[in-house]
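Quick note, the sequences are listed as chains E and S, same order. For the first sequence, this note's numbering gives the first residue as 8, with consecutive numbering after it. For the second sequence, this note's numbering gives the first residue as 12, with consecutive numbering after it.
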Amino acid sequence: IAGITQAPTSQILAAGRRMTLRCTQDMRHNAMYWYRQDLGLGLRLIHYSNTAGTTGKGEVPDGYSVSRANTDDFPLTLASAVPSQTSVYFCASSDSSPSDTQYFGPGTRLTVL
Amino acid sequence: GQNIDQPTEMTATEGAIVQINCTYQTSGFNGLFWYQQHAGEAPTFLSYNVLDGLEEKGRFSSFLSRSKGYSYLLLKELQMKDSASYLCAVRDGDYKLSFGAGTTVTVRA
């Protein structure tokens, strides 16, 4: 079934370590997004990419970086993880319909100790 | 920044109707979305409103008033599987999506 995959499903990470969360979509969507979801705060946009080769900062970009080398992949990197980055991370992509609806991957649960 | 408010929790009985309200203040407006999220799962798209009025899709309906910065999601004939969190999201003038914190709906038998 076509859609968005994320890896890993969950990860426990020591503070200071580098970590890359992977996201791949096979729907040929131009735009992709990374969100974090924390209890009581809802989903917050970290970074986005409107098309391959371009990226932009969202609401909470500090401590994260992204790249978009091709249409399908949009990895999120934590250069030096800190405990405040403990969260559930969702990748999303949007279609080209008039509503530009975003579709979400299954998420990665990250714990930084 | 964006300000999107929705109630934290609601409880209703199986077969009943529940209305989840959402108020928003954003820089520009390019549509309002409702998503459903079951515990431990990804958000899934429910509805989209860009013009004032009611959009009906089976047991779920969504209403928008742009002048009042207000929307609601109406869930009819509630089923146990409707127990989930419902997220209101607004797309602003820069076409970025901002989410409310979500409303957890519990359906009781």
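Using N, Cα and C, we set each Cβ at its ideal position, and we do this for glycine too.
Give the DSSP-derived three-state secondary structure of S91 (chain E) in the structure shown. It is helical.
Is the CB of D107 (chain E) under 9 angstroms away from at least one CB in chain S? Residue-level contact check: D107 (chain E) touches chain S, since one or more beta carbons of chain S fall below 9 angstroms from its beta carbon.
Three-state class that DSSP yields for M39 (chain E) in the structure shown: M39 (chain E) falls in the strand class under three-state DSSP.
Do Q109 (chain E) and L108 (chain S) have their C-beta atoms within less than 9 angstroms of each other? Q109 (chain E) is a Cβ neighbour of L108 (chain S), given a cutoff of 9 angstroms.
Relative to chain E, which residues along the stretch 107-119 of chain S have a C-beta separation below 7 angstroms, given in chain order? Listed by position along the chain: K107, L108, F110, G111, A112, G113.
Which residues share a DSSP beta bridge with Q13 (chain E)? Per DSSP, E:C30.
Could you tell me which chain S residues have their CB closer than 8 angstroms to the CB of P15 (chain E), listed as they occur along the chain? For the C-beta of P15 (chain E), not a single chain S residue is nearer than 8 angstroms; the gap to the nearest is close to 15 angstroms.
Burial state of A53 (chain S) (16 or more Cβ within 10 Å): The residue in question, A53 (chain S), is buried, as its Cβ has 16 or more Cβ neighbours within 10 Å.
Mapping the DSSP letters down to three states, classify K68 (chain S) as helix, strand or coil. The three-state reading of DSSP puts K68 (chain S) in strand, counting E and B together.
Of all the residues that make up the stretch 92-105 of chain E, which are near chain S by a beta-carbon distance shorter than 7 angstroms? Listed in chain order, the positions of the stretch 92-105 of chain E with a beta carbon within less than 7 angstroms of a beta carbon of chain S are F97.
Interface residues of the stretch 53-84 of chain S facing chain E [CB-CB below 8 angstroms]: Cβ contacts with chain E come from A53, P54, T55, F56, Y59, V61.
DSSP has Y55 (chain E) in a bridge; who is on the other side? The partner list for Y55 (chain E) (beta bridge, DSSP) reads E:Y40, E:G63.
Among S:L57, S:F71, S:R70, S:R77, the one whose alpha carbon lies nearest that of G64 (chain S): Cα-wise, what sits closest to G64 (chain S) is S:R77.
Give the residues of chain E in contact with G39 (chain S), contact being defined as C-beta atoms less than 8 angstroms apart. Going along chain E, no residue has its Cβ under 8 angstroms from G39 (chain S), so there is no contact; the nearest lies around 15 angstroms.
Give the interface partners of G42 (chain S) over in chain E, defined as CB-CB distance under 7 angstroms, in chain order. Neighbours of G42 (chain S) on chain E, chain order: S106.
D107 (chain E) (DSSP reduced to helix, strand or coil): In this structure, D107 (chain E) counts as coil in the three-state DSSP scheme.
What span of residues does the beta strand (DSSP E) with Y59 (chain S) cover, start to end? 55-60 is the extent of the beta strand (DSSP E) around Y59 (chain S).
Please compile the residues from chain E whose C-beta is within a distance smaller than 9 angstroms of the C-beta of L89 (chain S). Near L89 (chain S) there are no residues of chain E at all, since even the closest Cβ is about 23 angstroms away, more than 9 angstroms.
Can you round the beta-carbon distance between N60 (chain S) and L43 (chain S) to whole angstroms, since I take them to be within the 8 angstroms contact cut? N60 (chain S) to L43 (chain S), Cβ: 5 angstroms. Contact.
With 9 angstroms set as the bound, which would you pick, yes or no: does the beta-carbon of I28 (chain S) sit closer than that to a beta-carbon of chain B? No chain B appears in the structure shown, which is made up of the protein chains E and S.
Nearest CA to the CA of F97 (chain E): which residue from E:G23, E:P113, E:G70, E:T61? For F97 (chain E), the closest C-alpha among the options E:G23, E:P113, E:G70, E:T61 is that of E:P113.
Using the Cβ count rule (16 or more neighbours within 10 Å means buried), how would you classify R119 (chain S)? Within 10 angstroms of the beta-carbon of R119 (chain S) lie fewer than 16 other beta-carbons, which makes it exposed.
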